[in-house]
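Engineer: If you scroll down you'll find the structure; I have some questions about it.
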Amino acid sequence: MDHTGLAPVCRRCGRPAVRGRANYAMFEGMHFVCFHYEFEHRDTDPDDSCGVAGCPCAPAERGKEKLLDTPRTLVAEWSDGPPANWDVHSLPGYLEALTRWLEDADGYYAARKLAIPWDSRTVVGTALRAATVYE
Ligand SMILES: [Zn+2]
Ligand SMILES: [Zn+2]
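Right, here's the structure in full:
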């Protein structure tokens with residue numbers, strides 16, 4: 002079905018605002034995202050969160066920070082040598098466990114009745130942690 006003929010055109014990007022039709026006036030004749038980048042995001046890098054509530058980049062930014070937490074924590078845990086609660090005690094052992102975990106990631110989520118996260122950062126973060134105790 003083609004709704005584009007009926008939809009108002011976004012003043013910023015020139016494409017039809019089909020889904021945002023109801024909010025078209027509120028966002029000064031733009032898509033919500035176009036309005037945000039035009040008036041709210043300002044000088045912030047378009048790939049980074051600007052901190053304004055509803056910033057389209059916020060989820061990606063949070064995912065990045067959350068992912069970085071994992072290797073940072075793992076490095077801190079290893080600062081006094083192999084942590085007692087890890088099953089792997091060498092880098093090759095860790096990398097082998099990481100490889101096996103990634104090979105069987107589908108099984109990991111299936112066993113927990115979880116959908117595989119669409120965000121690969123989430124999967125990598127889980128893998129980095131899980132490999133410390135993966136046989
Ligand atoms: Zn637009
Ligand atoms: Zn923003």
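Everything in the sequence shown is counted per the numbering used here, starting at 2 for the first residue and increasing by one.
Backbone N, C-alpha and C define an ideal beta-carbon position, used for all residues, glycine too.
Taking a contact to mean a Cβ-Cβ separation below 8 Å, would you say residue 88 touches residue 134 in this structure?
Structural biologist: In this structure, residue 134 lies closer than 8 Å to residue 88 by Cβ.
Engineer: Does the beta-carbon of residue 53, which I'm using as the reference point, lie nearer than 7 Å to any heavy atom of ligand 2?
Structural biologist: True, at least one ligand heavy atom lies under 7 Å from that Cβ.
Engineer: With a 10 Å radius around its C-beta and 16 neighbouring C-beta atoms as the bar for buried, classify residue 126 as buried or exposed.
Structural biologist: Buried, because 16 or more other Cβ atoms sit within 10 Å of the Cβ of residue 126.
Engineer: Are the beta-carbon atoms of residue 62 and residue 44 separated by less than 8 Å?
Structural biologist: It is not a contact, given that the beta carbons lie outside the stated cut-off.
Engineer: Does residue 2 pass the burial test, meaning 16 or more other C-beta atoms within 10 Å, or should it be called exposed?
Structural biologist: Note that residue 2 scores 47 on pLDDT, short of 50, meaning its location in the model is unreliable; the coordinates nonetheless yield the value given after this. The residue is exposed, with fewer than 16 neighbouring Cβ atoms inside 10 Å.
Engineer: Using the beta carbon as the reference atom, which residues fall closer than 6 Å to any heavy atom of ligand 1, ordered along the chain?
Structural biologist: Cβ atoms closer than 6 Å to ligand 1 belong to 11, 13, 14, 16, 31, 32, 35.
Engineer: What residue from 130, 14, 12, 20 has the CA that sits closest to residue 79's CA?
Structural biologist: Residue 79 has its Cα closest to that of 130, out of 130, 14, 12, 20.
Engineer: For residue 5 and residue 53, what's the separation of their Cα atoms in angstroms?
Structural biologist: Interpretation of residue 5 is limited by its pLDDT of 48, a score under 50 that renders its predicted location unreliable; no figure is taken from the coordinates.
Engineer: Who are the Cβ neighbours of residue 110 in its own chain at under 6 Å, not counting the five residues just before and after it?
Structural biologist: Cβ within range, chain order: 117.
Engineer: How would you write the range of the alpha helix (DSSP H) that residue 1 sits in, first residue to last?
Structural biologist: Because the chain is modelled from 2 through 136, residue 1 falls outside the range shown and cannot be assessed.
Engineer: If you drop the 5 nearest sequence neighbours on each side, which residues of the same chain put their C-beta closer than 7 Å to that of residue 41?
Structural biologist: The residues are 51, 53.
Engineer: Can you tell me whether residue 39 sits near ligand 2, meaning its C-beta is under 7 Å from at least one heavy atom of the ligand?
Structural biologist: Flag unset: Cβ of residue 39 not near ligand 2.
Engineer: Under a three-way DSSP split, which group does residue 82 fall into?
Structural biologist: The answer is strand: DSSP assigns residue 82 an E or B state.
Engineer: Can you say whether residue 27 is buried or exposed, counting buried as having 16 or more other CB atoms within 10 angstroms of its CB?
Structural biologist: When all chains shown are included, residue 27 counts as exposed.
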